[in-house]
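Here is the structure we will look at.
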Amino acid sequence: MDFAAFRALAPLCWRAPSAHNTQPWRLRYEPAAIRVGWDAAHTLPAADPTGRDLRLSLGAFVETCLIVAADADLHLKYVAEHDDRWVGWLRPTAHRYSTPFRAIDVWERRTDRGHFAAGPGPDVLAAVDRVARRAGGSVRVVPHAGRLGALLRTADRHLYADPAITAELRRWLRLDPAHPNYHVDGLTDRCLALSRPAAVGLRAALDAYPVLRPLGLPRLLAAADNPLARGGTVLALVAPDSLDPAGQIEFGRVLMRCWLTLHTAGLAAHPLSQLIDVAATRTALAALLDVAPDRLLHVVRVGLPTRPAPRSARRVAGGGPPATS
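If you're matching positions, the sequence shown starts at 791 in this note's numbering and goes up one per residue.
Below is the structure:
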């Protein structure tokens, strides 16, 4: 196989999602295969101590690579092989990867933290649930009761109260276009749907975090935003029982297929991972859905966007929209 052809497509593969847009994935080209791994410098040890979000993003990246390769008629398969820094291989195979998605779907899919005019209809909910059920999981609608808003505020307050997690967030925030990595990675003010005054205010508050934290800054920051007020439906990806780390990578592939199913239906997604990052809110959310807490893998607000979301930055340059036939 001509790996040079796949290497030219790498910028499209980098459109996969990752927590804080850290883009932890790495590819190593070897004579007979391409090894898939990650860079520890682009992980979130404080916010993601179990590595759940890392493994989901690696799985999403693998699925993205397979979709992009298939659309270019490059025949690749994924073979899992885990160690300290690598998760598996992309190997040549006789058959094209079977997927309903195209490279253009990968290019156009975006995380959207803006307003949604409506949530997904029953047909789309059924379609995305089928994607998860084929892998032994499910997608569940989370009730939009007042309790969910309270759980979000509790989760945000808990995370902002943790100095290590807040320092990690500050490292990946890009709240000023003058930031040297504004067009490279991280969370920009535009992608966070922040106005210029709001971005300046958040940067000032976080700069003064050591002084303001004991004076109630975590509570103020948690109360400053209510994504539920911007519309949409909250969905939870529920995994099978006793999913091991390798299984989480596979469910990252499932998650990517779910996101693309939503995207091709004209919908956008806004992750609310804080709900399952905090033990207390994870347990409460699991009780709402009547599932075991460790089966909750991902929570997301989904809906019909009222305007196009900005495109997040990527470390690998290029990767414009693919040509269509």
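Note that CB positions come from ideal geometry on N, CA and C, so glycine has one too. Being a predicted model, the structure only gives us computed values, none of them experimental.
As assigned by DSSP and simplified to three states, the class of TYR999: Looking up residue 999 in the sequence shown gives position 209. In the structure shown, the three-state DSSP call for TYR999 is helix.
With 16 other Cβ atoms within 10 Å as the buried cut-off, status of TYR819: Translated into positions along the sequence shown, residue 819 becomes position 29. The residue is exposed, with fewer than 16 neighbouring Cβ atoms inside 10 Å.
Same chain, Cβ closer than 6 angstroms to ALA1103, neighbours up to 5 away in sequence not counted: The count along the sequence shown starts at 1 and reaches residue 1103 at position 313. The residues are HIS973, VAL974, ASP975.
Extent of the continuous beta strand (DSSP E) to which HIS1060 belongs: Position 270 of the sequence shown, counted from the start, is the residue given in the question as residue 1060. Start and end: 1058-1061.
Cβ-based burial, ASP1116 [other Cβ within 10 Å; buried from 16]: Here the chain covers residues 791 to 1115 and nothing more, so residue 1116 does not appear.
DSSP-derived helix/strand/coil call for TRP815: Residue 815 sits at position 25 when you count from the first residue of the sequence shown. If DSSP states are grouped into helix, strand and coil, TRP815 belongs with the strands.
Rounded straight-line distance, which links the Cα of TRP897 to that of ALA1117: For residue 1117 there is no data in the structure shown, the boundaries of the chain being 791 and 1115.
Simplified DSSP assignment, three categories, for LEU1094: On the sequence shown, position 304 is the one that residue 1094 refers to. DSSP places LEU1094 in coil when its eight states are reduced to three.
contact_flag[the segment 974-989, the segment 1025-1042] where n(CB pairs < 8 angstroms) is 3 or more: no
Check whether PRO1035 and GLY926 have beta carbons under 8 angstroms apart: What you label residue 1035 is simply residue 245 of the sequence shown in a count that begins at 1. What you label residue 926 is simply residue 136 of the sequence shown in a count that begins at 1. Not in contact: PRO1035 and GLY926 (Cβ atoms no closer than 8 angstroms).
Outcome for SER847 when other beta-carbon atoms lying within 10 angstroms are tallied against a minimum of 16: Position 57 of the sequence shown, counted from the first residue, corresponds to residue 847. Flag for SER847 reads buried.
Own chain partners of VAL877 with C-beta closer than 7 angstroms, once the 5 adjacent residues on each side are dropped: By 1-based counting over the sequence shown, the position of residue 877 is 87. Closer than 7 angstroms at Cβ, skipping near neighbours: VAL826, GLY827, LEU848, ALA870, ILE1039.
ARG1101 - DSSP class collapsed to helix/strand/coil: What you label residue 1101 is simply residue 311 of the sequence shown in a count that begins at 1. Here ARG1101 sits in coil by DSSP.
Where PRO882 sits in the DSSP three-state scheme: Numbered from its first residue, the sequence shown carries residue 882 at position 92. PRO882 falls in the strand class under three-state DSSP.
DSSP-derived helix/strand/coil call for ALA809: Start at 1 with the first residue of the sequence shown, and residue 809 comes out as number 19. If DSSP states are grouped into helix, strand and coil, ALA809 belongs with the helices.
One or two residues paired with TYR868 in a DSSP bridge: Position 78 of the sequence shown, counting from 1, holds the residue named residue 868. Answer by DSSP bridge pairing, in chain order: LEU880.
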